[in-house]
Amino acid sequence: MSTTVQLADRSVFANGLLASLRVLKVLIMVVRGLWLARMPYASWIPAKREAAILVWSQQMLQCLDIELVVHGSARPGPKLVVANHVSWLDIVVINAAVPSRFVSKAEVQQWPVVGRIVTAAGTLYLQRERRRDAMRVIGLVSQALQAGDTVALFPEGTTGSGHKLLPFHANFLQAAIDAGEPVQPMALAYSEPGYAVSPSVEFVGETTLMQSLWRVLTARGLKVELSILPLQAANHADRRALAALLETQIEERLAHRG
Numbered sequence: 001m002s003t004t005v006q007l008a009d010r011s012v013f014a015n016g017l018l019a020s021l022r023v024l025k026v027l028i029m030v031v032r033g034l035w036l037a038r039m040p041y042a043s044w045i046p047a048k049r050e051a052a053i054l055v056w057s058q059q060m061l062q063c064l065d066i067e068l069v070v071h072g073s074a075r076p077g078p079k080l081v082v083a084n085h086v087s088w089l090d091i092v093v094i095n096a097a098v099p100s101r102f103v104s105k106a107e108v109q110q111w112p113v114v115g116r117i118v119t120a121a122g123t124l125y126l127q128r129e130r131r132r133d134a135m136r137v138i139g140l141v142s143q144a145l146q147a148g149d150t151v152a153l154f155p156e157g158t159t160g161s162g163h164k165l166l167p168f169h170a171n172f173l174q175a176a177i178d179a180g181e182p183v184q185p186m187a188l189a190y191s192e193p194g195y196a197v198s199p200s201v202e203f204v205g206e207t208t209l210m211q212s213l214w215r216v217l218t219a220r221g222l223k224v225e226l227s228i229l230p231l232q233a234a235n236h237a238d239r240r241a242l243a244a245l246l247e248t249q250i251e252e253r254l255a256h257r258g
């Protein structure tokens, strides 16, 4: 019995030490993010903004000891990135491969520290309690695409377990159709030793952001695969048919990854 207790104590201590080291690294990256947010970021050309986002996101994943494996490549230039949604980490992962402006709920703008960083990165905010606000944001996304930006969104609308996709909503695909720019589907899959689908990354139900963050900070061997699927033209497309096609493509990739 005493040996078992000692081993458990050592495990708790090791996890705490690992988390503490990662927290220190993450805090350094947050400070760097705040420094970038103070710069005239909005006036930078898209290529310069994207380069800054790419480096910061890659370094953040390194600080969290998350291995990123990218399958495929994205077309340069404006496009609407569409991906399945598993965790708050999804934004960092996508930005580490394909820097993007994200569509997000308006509450994020008020988050301490994080709100400043994501706002500086050009996030487009949606007031979800206002039924007609989606039309406004669709217009903003279309304008951003026409200006040469890459914009990313999660058509499930919320995070899933990683085991199965939630139904895709088609509304925001209208922005790509209106702008005449293509859609870039992506599939996100997290794993860790012993689990094909990582339980440490899961961010559903009553799980709080702090609980999720602690699980990630104490996890070992986290890996994320980002599969960049074939580009889909959006010109004159029917948004519901396009949403169904994207959902099928991403679902099939998740089912046959490895």
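With the first letter of the sequence shown counted as 1, position 240 gets the number 240 in our numbering; the numbers rise by one all the way through. Just so you know, even glycine gets a beta-carbon here, dropped at the ideal spot from N, CA and C. None of these values were measured; they are calculated from a predicted model.
Sequence-distant residues of its chain with Cβ nearer than 8 Å to residue i (five each side left out)
i	result
R239	A170, N171, L173, Q174, I177
W214	A19
A51	P99
I138	N171, F172, Q174, A175, D178
Q58	L68, A96
Whole-angstrom distance between residue j and residue i, CA atom to CA atom
i	j	result
G162	A234	27 Å
M60	V113	15 Å
P76	A144	15 Å
F203	M39	32 Å
L24	S87	21 Å
I228	P185	6 Å
A237	G122	27 Å
L222	V216	8 Å
G115	Y190	25 Å
E251	A244	10 Å
A47	D149	9 Å
L17	I66	17 Å
S212	R130	28 Å
Contacting residues, own chain, Cβ-Cβ under 6 Å from residue i (five flanking each side not counted)
i	result
L80	V151, A176, V183
E156	H85, L166
V197	G162, H163
H71	S227
Beta-carbon gap between residue i and residue j smaller than 7 Å
i	j	result
V93	L124	no
E192	S200	yes
A37	A106	no
L226	L188	yes
E181	P78	yes
Whole-number beta carbon distance between residue j and residue i, since they are thought to touch under 8 Å
i	j	result
L54	A83	Contact doesn't hold; Cβ gap of about 17 Å is too wide.
L68	V224	6 Å
G33	I117	4 Å
A134	L126	7 Å
L242	Q232	7 Å
Residues bridged to residue i [DSSP beta-bridge criterion]
i	result
F102	A152
A83	M186
Q211	In the DSSP output, where bridge partners are listed per residue, Q211 has none listed.
K223	E67, S191
Cut-off 7 Å between Cβ atoms - residues of its own chain near residue i, not counting five sequence neighbours on either side
i	result
Q146	A179
V30	V113
Residue-level contact to chain C via CB, residue i, 7 Å cutoff
i	result
L145	As a matter of chain content, chain C is missing from the structure shown, which is built from one protein chain.
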